[in-house]
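Read through the structure below, which is laid out as structure tokens, and then see the notes.
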Amino acid sequence: MTPLALASYTATSALGRGLEPTLAALQAQRSGLAPCAFETVRLAMCVGEVPGVDAAPLPAALAAFECRNNRLALLALGQDGFAAAVARSAARHGAARIGVFVGTSTSGILETEQAFRRLDPVSGALPPDFRYRGAHNTFSLGAFVQRALGLRGPAVVISSACSSSAKVFASAQRAIAAGLIEAAVVGGVDSLCLTTLYGFHSLQLVSTGPCRPFDVARDGISIGEAAAFALLERPAAAAGEDSVLLLGTGESSDAYHMSSPPPDGRGAAAAMRQALAAAGLGAADIDYINLHGTATPSNDAAEAIAVGAVLGAAVPASSTKGATGHALGAAGALEAVICALALRHGFMPGGVNTAAVDAALPVSYLLGNRDARLRRVMSNSFGFGGSNCSLVLARAGAHA
Amino acid sequence: MTALTASLEGIGLLGPGLADWPTAARVLSGTQPWVHAPTVLPAPQALPAAERRRTGAVVKLALAAGLEAVAHAGADAATLAAVFSSSGGDGQNCDEICRTLASSERQLSPTRFHNSVHNAAAGYWGIATGATAACNALCAYDASFGAGLLEALTQVVTERSPVLLVAYDARYPEPLYGARPIPDGFGIALVLAPAPGARPLARLDVRLSEAPADTLTDAALEKLRGAIPAARSLPLLAQLARRAPGRVMIDYLDPWRIAVEVDACP
């Protein structure tokens, strides 16, 4: 594929609002995970909650979209000059030539869960303040981002569980390459809700403590919430050498099981190989891997085999989910932004919480941060339904 | 923008009173009246028995339409990339989860939870057919068919490989039905390829347009088009059923419609 620039990017998660606190937390190896005190949930688990989301209602003009997920989206859009960068791009290309490709797994389902507690005792109807289109529907996030940024081009939500907001990079780059649009806002937003907290708990996939990716004693995920966005466009001639490029995307399907990967990681390996091929790179060109690394015993084992098969066991790798929690449909975009920070600031983030790396996994798992002038990195995202996506990102100066 | 071009290789269809594409083609070309009847969902025989028991209406719809289109195209499902697009996913499953979470117990079934993902149909499609290529799962509310069509075409154009598009919607139970009254299930599937295969059906040239969307002359079918997002595809299907060249306007995301130039193959 033709490389595209991440002309602007931002992330808001349990690590903080925007790039500066996110970078500071990564550099200090601080985790945003804490015992769950969300809503009425009483489960022994840790979550990565973004503080203050409920205290930030949407402005009146966007009230039709009111829900926690869109509040989190707006918090993120307001950081790091992102909305202003999109406005400049819209002024250059036209608001109708900028697409919106965003991922979410649960959209505004939290408000539906709450509305079901208030069904009319006689008719069984939902309360009058229930918002289907603006909150519940999966496309709510796409319509909201488009409206909040004043864009009028094609828009879509990709909802393929935990690969959603990695796959948005692939779809957006195809739409730009095909001439449908000139630039795209890509990203992902997922917020805490009862469906995922109780759902992953029912699958016995949640750790009672903070998750420990790739640890020999790893025992499940910690769920987080996040909103992350990037503006994808053709690289400007004047872009600095520390600007970040998207070089390749790879997508595959496991065709195996709805909630677990094949033990040999073949679907993950296929996505990684495709991303390398799309970038025109070989295994030796990747300096760091941001693993999907959810910290379930079987997911990490399958991913390790895939990494070993495609990139070899020597490439430094880590999962940042010990710091952020697993942001589900927002994980792909959040971790792409973390990769952009790693490229720009010259470091590999060590995995947080992990104490003893599982020696059976063929991966060079980083426990501590390591300074390195990274050239190119890979980010993995794999989801329920066997949906896999890998991205290759690079520092412009290293790619030229 | 330049047009996005693909060869249409196969069609699958399932909806109220429309048992398959041959039936729908007769109805849409005016050779057979439309007789309203509830959408009949075939059991997904392609799935292993254990998985089959776990699937709801949307998965049955999507698999039936997808398999018909693949067979019509004479394609190999296992090697096709796929785009699944739905405005709402599995409403029955969502209703059950929300009722459980509103109760004092909150004990979710693990199967209900993994079926709640919007890409459930895409996941079961892979299990049923062994398809390991890229597979997408989209939503654009009422514009979900158009968004799926654009995603499928950009894949065909940039990857130069065939893609299966499946757009499908099913009925919500009450109380969600009151907020989103989709009357019945409807699934449409198209196999699109970069170049004509052995039996191409038509060449499609697709662009964005601001012209108004086409409507259907039959009032009952027009009502169906407006009521189910996946049925926004009906003007395109009607043009294909007539086996004649022409231009149709499909509803998409305001202010846009999708103009499809249909160059029917003899």
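Protein chains in written order, with this note's numbering: chain A, 49 to 448; chain B, -7 to 258.
Yeah, the Cβ is synthetic: ideal placement off N, Cα and C, and Gly gets one too.
Computed from a predicted structure; not experimentally measured.
In the three-state scheme derived from DSSP, where H, G and I count as helix and E and B as strand, Ala265/A is classed as coil.
DSSP, read as helix, strand or coil, puts Phe76/B in strand.
The beta carbon of Pro311/A sits no closer than 8 Å to any beta carbon of chain B.
With a minimum length of 3 residues, the unbroken runs of beta strand (DSSP E) contained wholly in the segment 322 to 397 of chain A fall at 336 to 338, 364 to 366.
The beta-carbon of Ser207/A is placed less than 8 Å from the nearest beta-carbon of chain B. Given a length threshold of 4 residues, each whole run of the alpha helix (DSSP H) inside the segment 83 to 128 of chain A is given here in chain order: 116 to 125. DSSP places Phe137/B within a helical segment (H, G or I) once states are collapsed to three.
In this structure Met(-7)/B is exposed. Its beta-carbon is surrounded by fewer than 16 other beta-carbon atoms within 10 angstroms. With distances taken between CA atoms, Leu6/B lies nearest to Phe178/B out of Phe178/B, Leu93/B, Ala(-5)/B, Pro186/B. It is roughly 51 Å from the alpha-carbon of Pro221/B to the alpha-carbon of Arg418/A. Checking the DSSP bridge columns, you'll see Ile206/A partnered with Gly151/A, Leu130/B. Glu281/A: not part of any alpha helix (DSSP H); member of the beta strand (DSSP E) spanning 274 to 281, first to last residue. Nearest CB-CB separation between Val109/B and chain A: below the 8 Å threshold.
For Glu299/A, the uninterrupted beta strand (DSSP E) run begins and ends at 292 to 301, by DSSP. Pairing Gly48/B with Asp82/B gives a Cβ-Cβ distance under 8 Å. For the segment 156 to 189 of chain A, the beta-carbon criterion of a distance under 7 Å to any beta-carbon of chain B is satisfied by Thr160, Glu161, Phe164, Arg165, Leu167, Gly172, Ala173, Leu174, Phe178, Tyr180, Arg181, Asn185, Thr186, Phe187.
In the displayed model, Phe178/A falls within coil according to three-state DSSP, outside both helix and strand. Distance from the Cα of Ser78/B is smallest, within the candidate group Leu141/B, Ala42/B, Leu196/B, for Leu141/B. It is roughly 31 Å from the alpha-carbon of Glu159/A to the alpha-carbon of Leu280/A.
Contact annotation, Val363/A with Ile386/A: C-beta distance approximately 17 Å; criterion of less than 8 Å not satisfied. At a Cβ-Cβ threshold of 8 Å, Asp406/A and Val254/A do not count as neighbours. At a cut-off of 8 Å between C-beta atoms, Leu242/A counts as an interface residue with respect to chain B. The C-alpha of Trp13/B lies about 39 Å from the C-alpha of Ser171/A. Using a Cβ-Cβ cut-off of 8 Å, Leu251/A is close to Pro102, Phe105, His106 of chain B, given in chain order. Assigned with DSSP and collapsed to three states, Asn428/A falls in strand.
Straight-line spacing of the CA atoms in Val205/A and Pro169/A works out to 35 Å. According to DSSP, residue pairing for Tyr57/A in a beta bridge involves Ala278/A. By the C-beta criterion, the segment 125 to 137 of chain B is judged not to be in contact with the segment 89 to 102 of chain B, since fewer than 3 inter-stretch pairs fall below 8 Å. For Asp197/B, the pairing in a beta bridge is given by DSSP as Thr(-3)/B, Glu253/B.
Leu93/B sits close to Thr243/A, with the two beta carbons spaced by under 8 Å. Arg321/A and Gly380/A have their C-alpha atoms roughly 18 Å apart. Neighbourhood of Ala225/A in chain B, by CB distance below 7 Å: Thr150, in chain order. Residue-level contact check: Phe192/A does not touch chain B, since none of the beta carbons of chain B fall below 8 Å from its beta carbon.
The bridge partners DSSP lists for Ser435/A are Ser301/A, Gly431/A. In this structure, the CA atom of Leu197/A is about 17 Å from the CA atom of Ala220/A. Looking at the DSSP output, Phe164/A bridges to nothing.
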